[in-house]
Structure formats: C-alpha cells, structure tokens
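These notes concern the structure reproduced below.
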Amino acid sequence: MAAMEDDRPVGPRKLLTVAVRDYEDDDEDEAEEFAAGIDEQLEVVGQWWGPGGSLPPFHAVPPRALKSRDDVEDLLRTEGVRGMRGHALVLFITGHGIAAASGTHFLKLPKTEQGRYLATAVRTSDLIAAALDSHVENVLVIVNACYAARLDTELSLLVKDLGQDRREKSRLDVLVTCAHNRTIEVRRFPTTLRGVYERLRTKSGITTPYLTVVEFMAEYERELRHADRERYRLRRLVDGSGLEDPSPCLPNPGYVRARDLIGASPRQATAADGYWLDRATGRTQESDAGWYFRGRDDLNRHIATFLGPRRGRGVLLITGSTGSGKSAVIARAVVLSDPLFREDPLYKAAADLAAADTIPPEGSVTAAVLAHRRDAAQVASDLLRALRVRPAPVGPADDPVQRWSGQLHDYVRDAGQPVTLVIDGLDEAFERHRIVHDVLAPLSGFCAPSPGVPGQRTDDGPPAARPAARL
Numbered sequence: 299m300a301a302m303e304d305d306r307p308v309g310p311r312k313l314l315t316v317a318v319r320d321y322e323d324d325d326e327d328e329a330e331e332f333a334a335g336i337d338e339q340l341e342v343v344g345q346w347w348g349p350g351g352s353l354p355p356f357h358a359v360p361p362r363a364l365k366s367r368d369d370v371e372d373l374l375r376t377e378g379v380r381g382m383r384g385h386a387l388v389l390f391i392t393g394h395g396i397a398a399a400s401g402t403h404f405l406k407l408p409k410t411e412q413g414r415y416l417a418t419a420v421r422t423s424d425l426i427a428a429a430l431d432s433h434v435e436n437v438l439v440i441v442n443a444c445y446a447a448r449l450d451t452e453l454s455l456l457v458k459d460l461g462q463d464r465r466e467k468s469r470l471d472v473l474v475t476c477a478h479n480r481t482i483e484v485r486r487f488p489t490t491l492r493g494v495y496e497r498l499r500t501k502s503g504i505t506t507p508y509l510t511v512v513e514f515m516a517e518y519e520r521e522l523r524h525a526d527r528e529r530y531r532l533r534r535l536v537d538g539s540g541l542e543d544p545s546p547c548l549p550n551p552g553y554v555r556a557r558d559l560i561g562a563s564p565r566q567a568t569a570a571d572g573y574w575l576d577r578a579t580g581r582t583q584e585s586d587a588g589w590y591f592r593g594r595d596d597l598n599r600h601i602a603t604f605l606g607p608r609r610g611r612g613v614l615l616i617t618g619s620t621g622s623g624k625s626a627v628i629a630r631a632v633v634l635s636d637p638l639f640r641e642d643p644l645y646k647a648a649a650d651l652a653a654a655d656t657i658p659p660e661g662s663v664t665a666a667v668l669a670h671r672r673d674a675a676q677v678a679s680d681l682l683r684a685l686r687v688r689p690a691p692v693g694p695a696d697d698p699v700q701r702w703s704g705q706l707h708d709y710v711r712d713a714g715q716p717v718t719l720v721i722d723g724l725d726e727a728f729e730r731h732r733i734v735h736d737v738l739a740p741l742s743g744f745c746a747p748s749p750g751v752p753g754q755r756t757d758d759g760p761p762a763a764r765p766a767a768r769l
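Positions in the sequence shown are counted from 1; adding 298 to them yields the numbering used here.
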C-alpha cells in the first residue's frame, strides 16, 4: 500500500472530472436545469478536493466541454490517464447513463445517437478501467449517472483482468450513487455532498486527516432522509481499501493540522484541535482566540479530582439535558490536560480564568473520542486509533466490535500505567447499548477499586501497579 507521512501526501494527487451536460435532445428548460445541476456538482466536488482545508489540495484538471466520444477519448489521452503515476487520483463521472439491453452501462453524450451506443456513447467501464489500470497508487472513482449500479457485473469481471500486483498493492475503489433501476436527480448528489462536507467540517468529531471509504459512505447516507437511503445511498462496486484503512483519496474537511509547538514532535497530534477546542472554548470559528467557557467550578473540580493522581481507576458518568453543557465540560478537561496545549497561549488564558484545583493534571487523559452518530465498531476503532493502535484486519465472518474491543482490553492490560478514556456524545451514538456492553464493559475489571491487600495503598493513595483504567 502507498504510504503517507502523517498528513502529508507522498507524490502528486489529481482530481479529474468527466462531466457531461448540454444534451441536445432535452427541451430547453430541462437542459438548463440539468446543466445547472452539473455545474453545482462540479462546484462541491471542487470544494471537497480543492483548497481551503488543512491538507494540500488536489490538482484539479479544468472540466472540459464533452460533446462526443472523441472528446472523451481526447481527454483521457491528453491527460495521460492510462499511464498516469502519482499518489492519488479521484475520477468523478457524471451525466446521463444508459442501461443497454446487454447489461452494459454507457455514458450518454450530446452527440450520442439512439441505437448506436457502441459507436457514439462511451462505455462507463472503459473510463473506470483507464483509472484503475493506471500507475497511480490510490484511485477513487465516483459515478453519478442513471442506472450506475448496473456496473457491478462489468466491474467484477474488469477487476479480474487487473494484474495481481495492481490488485494487491494499490487502493482501488469505485462508488456509484444510483441503483440499477433509478435515474439521478441532478441536484441530489451536490446537495447531499455539501451537507456532508459542512457536517464533517464543523460537527462530526472525526479528526483524522483522511476518511475511510466506509466513513465516507456512512456520512453520506446519514445526510439522506431515512426514506431516501435505499434509493440514493452510495454503493461500493470495487473495494480495494477495506473497512479501516484511510484513503488518501478522501481528505477529511474537518481535519485541523496540529499546531507547530516548540519542542513538540511533528508526529504528535494535540487533542486541542478542532472539535474539542471548539467545545471547550465556546468559540464559533477557528480564528477566534478567545476562551468563553465560564462557571461550573464544582463540576470541573470534581472532574479534575477524578483525573488526579490519587484516582487511578473508576468510572465517571456526566449526564444532563440537551444543551446543558456536558460536552463543554468534557472538552475542557480533554483540552486542558493535553501536554501540547499547555504551551499554547490559549492555555494561559484558560488557566487565568479558573481555580487551580479545577484544572486536570497534564497528560491525565490518554484518549478522547466522539460517539455522536457512531456505531460500536466505529467507536472501538476510534479509541484504538486515538491510542495509536492500528485496528486489526477483520474478515467477512469476523465481528469487528469483538475483535477491536479485545485489542482495547489488551492495550489497557499491558499499558503499565493507568489509561483514561473519554467518550463524549454517548447518548447520541447509533448503538449506545452495544458500545456500553461490548466495548466498555470488558474494561470494567480495570476500573474497579484495588483490593485491600495488606501493606498496599488503596485508591486513596497512589494507583496500584496492576492494570488500571478510568472511563
């Protein structure tokens, strides 16, 4: 698999769009509406993979007017797609799709003639093949065209014709937006993708620089109404990166690069980025350097005591009604305990506003994750990644929750020091019961008070040497 150095991509990254509009057989109003929808799609795709975030943008090939099959073939040839090299390629294909009698899927062009699809349309699988069989290490193809899911049979055969090294050493993924028997709503994809972009950027709590394909699909589906999910959710026709490997083709709009702090390792990330800092400070935008969180001294003091050196194990549950400030209190503890954040001027601003006994000890939070709209497998995986543990691969017959909660248990058992895990938004998780019973409950033995062994201090003194956890 291709490598990434932290959040810095190795090698060129390119965004290529094959976007067809201005169909001559549509009436004038339909043509204008469809063209406007295609333009909106290109705008939001350019926003996601373009400049504006913490990660370097993809190089976007300017969209071309594609009228005929020759135009499409010229695009592939002049951009050198089949021989392209680099770190990542995103190919976005959009326009009217044709489901031919043979089962072949074609991309319709303005010059396509009825009944002459082989000569005047383009096999969509040929476009996909050009990208998949290139030399680019990571490829993501997104097809937003009518009947796109009919590509499943073609692509299952096509992938078998790729070389073994290509299949095994590259991340190759294909997503489609439309079912076998459905036509696209031209504004559906851009509206949904823009909603996902804004949620990831401001609210999701996913803090990794890149998303997994599964995360991208799940976030897209969550943006749809329940009644529309079966019809309009993304479908994965080629799976080359699995469940848990982040894809260099999917930059996370919500990622915030860790601050460059004096003495900090460039490989370290601070918990005081993005979601946690926003909740802790009460700020409304990243450029705001103010600290607006006030009050709750008794609760903050209780949390600081719980995180102190005299409490090596235990469970602290913070409850309250919606909007009561639970997340702000939790985020404050996460941020103020972060060793890297201690060197930030904002830390002094926060410390000046608070009593010393309300500030948790440095390094007292080992890992913090957000459970909002996450299932049990995602929470278990997020906890492992926050602990810098790679989730173990899972097979089709494996239960990822069981596998990864076992890894979590082993980490705490072998850590050699108390491990403190913070989970925010548990009441807003998709699988609250399973998160509690299958992910957290196996750690309960590490949270119980130390037994009263003669000559050994209890939890009123320094924590015992046996494995310990705080939740």
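For glycine and all other residues, C-beta sits at the position ideal for the given N, C-alpha and C.
query	result
LEU706 versus ASP526: straight-line alpha-carbon distance, rounded	36 Å
Interface flag, ALA443 vs chain D, CB-CB below 8 Å	In the structure shown, chain D cannot be found, because there is only a single protein chain.
Contact under 8 Å by Cβ, PRO658 with ILE601	yes
Residue interval of the beta strand (DSSP E) (run including ALA397)	395-397
In DSSP terms, what ILE440 is bridged to	PHE390 and LEU473
Neighbourhood of VAL316 by C-beta, 8 Å cutoff - its chain only, sequence neighbours within 5 removed	LEU364, VAL370, LEU373, LEU389, PHE390, ILE391, THR392, GLY393, LEU405 and LEU425
Start-end ranges of the alpha helix (DSSP H) lying completely within the stretch 635-711, minimum 4 residues	643-650 and 674-684
Selection from GLY538, SER400 and ILE396 that minimises the alpha carbon distance to LEU407	ILE396
Buried versus exposed call for ARG565 [16 or more other C-beta atoms within 10 Å across all chains shown]	With a pLDDT of only 30 at ARG565, under the threshold of 50, the placement of this residue in the model should not be trusted; the figure read from the coordinates follows. By the neighbour-count rule (16 or more Cβ atoms within 10 Å), ARG565 is not buried but exposed.
Reduced DSSP secondary structure (H/G/I, E/B, other) of VAL359	coil
DSSP state of VAL484 mapped onto helix, strand, coil	coil
Buried versus exposed call for VAL613 [16 or more other C-beta atoms within 10 Å across all chains shown]	exposed
Cα-Cα separation between ALA716 and LEU470, rounded to whole angstroms	The sequence shown places Pro at residue 716, rather than the Ala named in the question. Using only the alpha carbons, I get a separation of about 41 Å.
Length of the line joining the Cα atoms of THR489 and GLN339	8 Å
Validate contact between the stretch 508-515 and the stretch 452-468 using beta carbons, cut 8 Å, 3 pairs	no
Where LYS467 falls: helix, strand or coil (DSSP)	helix
Contact under 8 Å by Cβ, GLY381 with HIS433	yes
Same chain only: Cβ atoms within 6 Å of GLU584, ignoring 5 sequence neighbours per side	Any reading at GLU584 needs caution, since the residue's pLDDT is 49, under 50, leaving its predicted position unreliable; the model's value is listed next. Hits under 6 Å: none found.
Limits of the beta strand (DSSP E) - the one that THR410 falls within	Careful: THR410 lies outside any beta strand (DSSP E) and carries neither H nor E.
Inter-residue Cα distance where the pair is VAL318 and ILE336	8 Å
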